[in-house]
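K.L.:
Protein chains in written order, with my numbering: chain A, 54 to 159; chain B, 9 to 173. We treat Cβ as the ideally placed atom computed from N, Cα and C, and that holds for glycine.
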Amino acid sequence: MRRDIFQAIADPTRRAIITLIALQAMTPNAIADNFHTTRQSVSKHLRILSECELVKQEQKGREIYYSLEIKKLKEVDKWLDQFRKLWETRFNQLDNVLATMKKQKK
Amino acid sequence: MNNDLLFDFTVDKPAKTVYITREFDAELPLVWDAFTKAEFIDQWIAPKPMTAKTKYQDFKVGGKRFYAMISPDGQKRWAIQEYTSITPKTNFKMHNAFADENENPELPGSEWDHTFSEENGTTKVRITIYNESLERMEKILDGFTQGMKMSLSNLENLLATLSKK
Numbered sequence: 054m055r056r057d058i059f060q061a062i063a064d065p066t067r068r069a070i071i072t073l074i075a076l077q078a079m080t081p082n083a084i085a086d087n088f089h090t091t092r093q094s095v096s097k098h099l100r101i102l103s104e105c106e107l108v109k110q111e112q113k114g115r116e117i118y119y120s121l122e123i124k125k126l127k128e129v130d131k132w133l134d135q136f137r138k139l140w141e142t143r144f145n146q147l148d149n150v151l152a153t154m155k156k157q158k159k
Numbered sequence: 009m010n011n012d013l014l015f016d017f018t019v020d021k022p023a024k025t026v027y028i029t030r031e032f033d034a035e036l037p038l039v040w041d042a043f044t045k046a047e048f049i050d051q052w053i054a055p056k057p058m059t060a061k062t063k064y065q066d067f068k069v070g071g072k073r074f075y076a077m078i079s080p081d082g083q084k085r086w087a088i089q090e091y092t093s094i095t096p097k098t099n100f101k102m103h104n105a106f107a108d109e110n111e112n113p114e115l116p117g118s119e120w121d122h123t124f125s126e127e128n129g130t131t132k133v134r135i136t137i138y139n140e141s142l143e144r145m146e147k148i149l150d151g152f153t154q155g156m157k158m159s160l161s162n163l164e165n166l167l168a169t170l171s172k173k
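(1) Alpha carbons only, please: which of A:L102, A:P65, A:K158 is nearest the one belonging to A:I58?
(2) For A:M154 and B:A87, which I take to be in contact (beta-carbon distance under 8 angstroms), what is that distance rounded to the nearest angstrom?
(3) Ordered along the chain, which non-local residues of its own chain (more than five positions away) have a Cβ less than 6 angstroms from that of A:T66?
(4) Quick one: using the 10 Å Cβ neighbour count with 16 as the cut-off for buried, is B:G117 buried or exposed?
(5) Starting from A:K155, find everything on chain B with Cβ-Cβ shorter than 7 angstroms and list it in chain order.
(6) Chain A beta carbons: is any one of them nearer than 8 angstroms to that of B:K21?
(7) From what residue to what residue does the beta strand (DSSP E) around A:S120 run?
(8) Would a check of beta-carbon distances place B:W52 closer than 8 angstroms to chain A?
(9) Between the Cα of B:G82 and those of B:P22, B:D20, B:P57, spot the shortest distance and give me the residue it belongs to.
(10) In chain order, what residues of the same chain have a beta carbon less than 8 angstroms from the beta carbon of B:I78, not counting five sequence neighbours either side?
(11) Buried or exposed for A:D148, please, with buried defined as at least 16 other CB atoms from any protein chain shown within 10 angstroms of its CB.
(12) Is there contact here, the stretch 11–26 of chain B with the stretch 125–145 of chain A, by at least three beta-carbon pairs under 8 angstroms?
(13) Anything in chain B within Cβ reach of A:V150, meaning under 7 angstroms, just list it in chain order.
(14) How would you call B:T44, buried or exposed, if buried means at least 16 neighbouring beta carbons within 10 angstroms?
(15) CB-CB under 7 angstroms to B:N104, same chain, minus the five flanking residues each way: which ones, in chain order?
(16) Please go through the same chain and pick out, in chain order, the residues whose beta-carbon is closer than 6 angstroms to the beta-carbon of B:R30, but skip the five residues on each side of it.
(17) According to a CB-to-CB cut-off of less than 8 angstroms, which residues of the stretch 119–147 of chain A neighbour chain B?
(18) Would you say A:I101 faces chain B, with C-beta separation under 8 angstroms as the test?
Structure, rendered in structure tokens:
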């Protein structure tokens, strides 16, 4: 199943994890220390984020460090930007329609 | 576009809600008509090169607008809107869903809320769109991008033809 990136970031805990690991790569234990939740639950969230390719894992010695895949987050921005452009185009067209309506009213 | 006119676009992804605010250099009754009368909506709602065509509209609470977005190659993408609340020249709400050509909606859809206000001849419109699914928003964008690509390839073909002459 292809995970929806927007579903991945729809969860408050996952958003908090993203904010945490955006600053530095962290181990699951270090991440879990920041939440009033079980280590198991944090692992589940990390797995979902990994499946969306929002985080990457790196083995350092005996520990696995998780860090943020910034490129993937930028994809979200790009998508939003396209959506914004769609509305910009629409509204510019509407400006023209309104200008015509104004003339016809006179 | 007049650059003094406000345009604000924000997306609250977790809340699946899009907030759009735009000012228009026109009096409120005109802007209200442009947003609520099919003959005007059809003129601006489809980003070029797409076009929009309303099959029928009944602007009253419980009434519907059934329309198609048409891509440059003539493909129609039908959608149906149902008006859920109307306060003339102030606010209207509707439910929007893609549909087949027989008006059967493809749920989930989205909830739209439009609020109009005027100050010194400038009309501000606030739009809130709640999408029951974000994948649906992607679908809208796909159609738009395809339309754009198509018009670009049309242009390429035209240029190729012209340069042969």
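P.N.:
From the atom records:
(1) A:L102
(2) About 24 angstroms; that fails the 8 angstroms criterion.
(3) H98
(4) buried
(5) A34, L38
(6) yes
(7) 116–121
(8) yes
(9) B:P57
(10) A54, M58, T59, A60, K61, K84, R85
(11) buried
(12) yes
(13) A42, F48, Q51, W52
(14) buried
(15) A87, Q89, G117, S118, W120
(16) F15, V133
(17) V129, W132, L133, Q135, F136, R137, L139, W140, E141, T142, R143, F144, N145, Q146, L147
(18) no
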